[in-house]
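**Q** Mind having a look at this structure? Questions to follow.
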Amino acid sequence: MAADPKTQMALPDFDAPKKRTRNKFALACAFLASMSSVLLGYDIGVMSGAAIFIKDDFQLSDIKIEILVGILNLYSLIGSAAAGRTSDWIGRRYTMVVAAVIFFAGALLMGFATNYSFLMFGRFVAGVGVGYALMIAPVYTAEVSPASSRGFLTSFPEVFINAGILLGYVSNYGFSKIPNPTKMGWRFMLGIGAIPSVFLAVVVLFMPESPRWLVLQGRLGDAKKVLDKTSDSKEEALMRLADIKQAAGIPLECNDDVVVITKKATHGEGVWRELLLHPTPAVRHILICGIGIHFFQQASGIDAVVLYSPRIFEKAGITSSNEKLLATVAVGVVKTLFILVATFLLDRIGRRPLLLTSVAGMILSLTMLGMALTVIDHTDRKLMWAVVLCISMVLMFVASFSIGMGPITWVYSSEIFPLKLRAQGTSMGVAVNRVTSGILSMTFLSLYKAITIGGAFFLFAAVASVAWIFFYTTLPETQGKTLEEMEGLFGNFRRKSAAAGKKETGGGADGGVQLAAPANGRSS
286 MAADPKTQMA LPDFDAPKKR TRNKFALACA FLASMSSVLL GYDIGVMSGA
336 AIFIKDDFQL SDIKIEILVG ILNLYSLIGS AAAGRTSDWI GRRYTMVVAA
386 VIFFAGALLM GFATNYSFLM FGRFVAGVGV GYALMIAPVY TAEVSPASSR
436 GFLTSFPEVF INAGILLGYV SNYGFSKIPN PTKMGWRFML GIGAIPSVFL
486 AVVVLFMPES PRWLVLQGRL GDAKKVLDKT SDSKEEALMR LADIKQAAGI
536 PLECNDDVVV ITKKATHGEG VWRELLLHPT PAVRHILICG IGIHFFQQAS
586 GIDAVVLYSP RIFEKAGITS SNEKLLATVA VGVVKTLFIL VATFLLDRIG
636 RRPLLLTSVA GMILSLTMLG MALTVIDHTD RKLMWAVVLC ISMVLMFVAS
686 FSIGMGPITW VYSSEIFPLK LRAQGTSMGV AVNRVTSGIL SMTFLSLYKA
736 ITIGGAFFLF AAVASVAWIF FYTTLPETQG KTLEEMEGLF GNFRRKSAAA
786 GKKETGGGAD GGVQLAAPAN GRSS
């Protein structure tokens, strides 16, 4: 029996909707910009092994090694503080060139250092370059990324930090094999860090400028060209341009290629007053979230594990330098693999669920690591199960960190600040990040001598527990929102966190959560 032609339907009518592909131009821009983060990662990774040989070469105490390892984080404050104003002045792109040039000089100075003071000066120069790179990479990436893949793309800086750490670990292992590594090995380890900065300075010149910075300079025509290339569709490009114009105070009907922008709107005058002295409730909430997530990222102990992993493995019972360096390579591999997994989950699962799961894993692994190290400290013989548990928990900790806390800190803080506050707000978050990291790095050896190494990791577990509560109660979900929509998510702690909690737990109106009414009687 023949089918009724009216009921026949073409096969394409049943086709599933095509999956949206990622914008390849935005992907390339994010990839190249995030390469600047390799500079920090390499320095962190390489110092964990180089410090072993530097200590023997210059006959340094543990206190001097602590200062040498951690001081770069404090030096980077100068770079991150200057990067906000510099990027508003010369643009995001050329600020990355500045970062690369400064780090190049620092790496060479460290490689040719003849004494401790010379080495510290090289650390100072390299630290300023790292500060510039840390601040500008996530800001640029967030500003060129379409909302559909911003989480994926803005996680790239953390991916490259981890890649740099792994390269540093591999460099340690490789150069430890050359003749006389105590005198020459560490110089190659540190000096070779100049190579990535040269490559970075060159490739940045082929990248477009941030469309948001172009709008702030009144260059609407140039901004539209960049948005056309970095958006998923022409319609989205026009919507992004309209949102940026509105945020910059430019009339929507203004379609000239070049418009005149007042100096105040262009170079950040009045920004600090709006950010710190007279913030709106939404900006105050954003600032607390941006600074809080950076503080807890470092205060939960990641740099202690990454920088001093050879010491931790030594305490666990691994005494051979070769085996300790190999174990640190394993840490770098796990860290890099899990950060790659995280990049594909950020825009699928969302920021909050991934962050809370990540911190829960960190709490568990830190607690177990503290228990294992305490047991080892209180026994005179080598307990193989405790050694295996220590190594496993270190790997679990870096895996848990890398799948959430690591990338989300940079993604979240770079996307939540309003346009005209973004550069300075992000630089404040980076400053807190580096201060916390510096203090931790410069005191870890003294800390574990004072309260035992197991006690140090119990302390980090406690800090991570506080972090979980802070994230659950204050950070709203930002997945899928445009940068210009972010401010509307913030401003009322109870209402936002309760709504997020109901969404995650599946609770409804009867779920036992009471929403706080806005003080002004309307939704923010």
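Numbering follows the working numbering, in which position 377 of the sequence shown is assigned residue number 662; successive positions increment by one, without gaps.
Glycine included, every Cβ here is placed at the ideal spot set by N, Cα and C.
What you are looking at is a predicted structure, and each value in this text was computed from that prediction instead of being measured.
1. Express the C-alpha separation of V696 and E494 in angstroms, rounding to a whole number.
2. Got a sec, what are the start and stop residues for the alpha helix (DSSP H) T604 sits in?
3. Could you tell me which of I754, T613 and W557 sits nearest to T642, measuring between CA atoms?
4. Return helix, strand or coil for A589, following the three-state DSSP convention.
5. Quick check on the burial criterion: 16 or more other C-beta atoms within 10 angstroms. Buried or exposed for H563?
6. Can you give me the Cβ contacts of G412 inside the same chain, cut-off strictly under 6 Å, excluding the 5 residues immediately before and after it?
7. My output table needs one value for M492: the three-state DSSP class, helix, strand or coil.
8. Grab me the residues of L730's own chain with a C-beta within less than 6 Å of its C-beta, minus the 5 sequence neighbours each way, in chain order.
9. Could you pull the start and end residues of the alpha helix (DSSP H) that H663 belongs to?
10. Using the rule of at least 16 other Cβ atoms within 10 Å of the residue's Cβ for burial, across every protein chain shown, is D588 buried or exposed?
11. Since M647 and A749 are thought to touch, with beta carbons under 8 Å apart, how far apart are those beta carbons, to the nearest angstrom?
12. Assign F775 to one of three DSSP states: helix, strand, or coil.
13. From this set, F338, I337, L475 and L394, which residue's C-alpha is nearest G326's C-alpha?
14. Select from I578, M669 and P638 the residue whose C-alpha is nearest the C-alpha of A716.
15. So, A422 versus T621, is the Cβ gap smaller than 7 Å?
16. Can you tell me whether A288 is helix, strand or coil according to DSSP?
17. Quick test of your reading: V429 and T515, contact by CB under 8 Å. State the CB separation rounded to the nearest angstrom.
18. In chain order, what residues of the same chain have a beta carbon less than 8 Å from the beta carbon of L680, not counting five sequence neighbours either side?
19. Examine the Cβ distances between the stretch 308 to 317 and the stretch 431 to 448 and report whether three or more of them are shorter than 8 Å.
20. Mind checking M492: buried by the 16 CB within 10 Å criterion, or exposed?
21. According to DSSP, is A398 helix, strand or coil?
22. What does the alpha-carbon distance come out to for the pair G391 and K468?
23. Residues in its own chain within less than 8 Å of S365 by CB, not counting five upstream and five downstream?
24. Could you tell me the boundaries of the alpha helix (DSSP H) in which H579 lies?
25. Between the Cα of R504 and those of Y593, V487 and I529, spot the shortest distance and give me the residue it belongs to.
26. Just to confirm, are G470 and I480 a CB contact at a threshold of 7 Å?
27. With 16 other CB atoms within 10 Å as the buried threshold, where does G797 fall?
28. Using CA coordinates, which residue listed in A336, C539, F484 and S482 is at the minimum distance from K257?
29. Quick one: Cα of G691 to Cα of F445, how far?
30. Rounded to the nearest angstrom, how far is the Cβ of I337 from that of P595, given a contact under 8 Å?
31. Kindly indicate the opening and closing residues of the alpha helix (DSSP H) around M524.
32. Helix, strand or coil for K734 per DSSP?
33. Using 8 Å as the cut-off, can you tell me whether the stretch 648 to 655 makes contact with the stretch 734 to 750, which would need three or more C-beta pairs spanning the two stretches below that distance?
34. Does DSSP put P442 in a helix, a strand or coil?
35. First and last residue of the alpha helix (DSSP H) that includes N308?
36. For S698 and V488, what's the separation of their Cα atoms in angstroms?
**A** Taking the geometry as given:
1. 20 Å
2. Run containing T604: none; DSSP gives neither H nor E here.
3. I754
4. helix
5. exposed
6. L357, Y360 and S361
7. coil
8. D347 and E351
9. It is not in any alpha helix (DSSP H) - H663 carries neither H nor E in the DSSP assignment.
10. buried
11. 5 Å
12. coil
13. L475
14. I578
15. no
16. Residue placement at A288 is poorly supported in this model, since its pLDDT is 49, which falls under 50; the coordinates still yield a value, given next. Here A288 sits in coil by DSSP.
17. 5 Å
18. A615, V616 and V619
19. yes
20. buried
21. coil
22. 19 Å
23. G416, Y417, L419, M420, S712, V715, A716 and R719
24. P566 to A584
25. I529
26. no
27. Residue placement at G797 is poorly supported in this model, since its pLDDT is 34, which falls under 50; the coordinates still yield a value, given next. Answer is exposed; the Cβ neighbour count stays below 16.
28. Residue 257 lies beyond the stretch modelled for the chain, which goes from 286 to 809, so this question has no answer here.
29. 11 Å
30. 7 Å
31. K519 to A533
32. helix
33. yes
34. helix
35. Careful: N308 lies outside any alpha helix (DSSP H) and carries neither H nor E.
36. 26 Å
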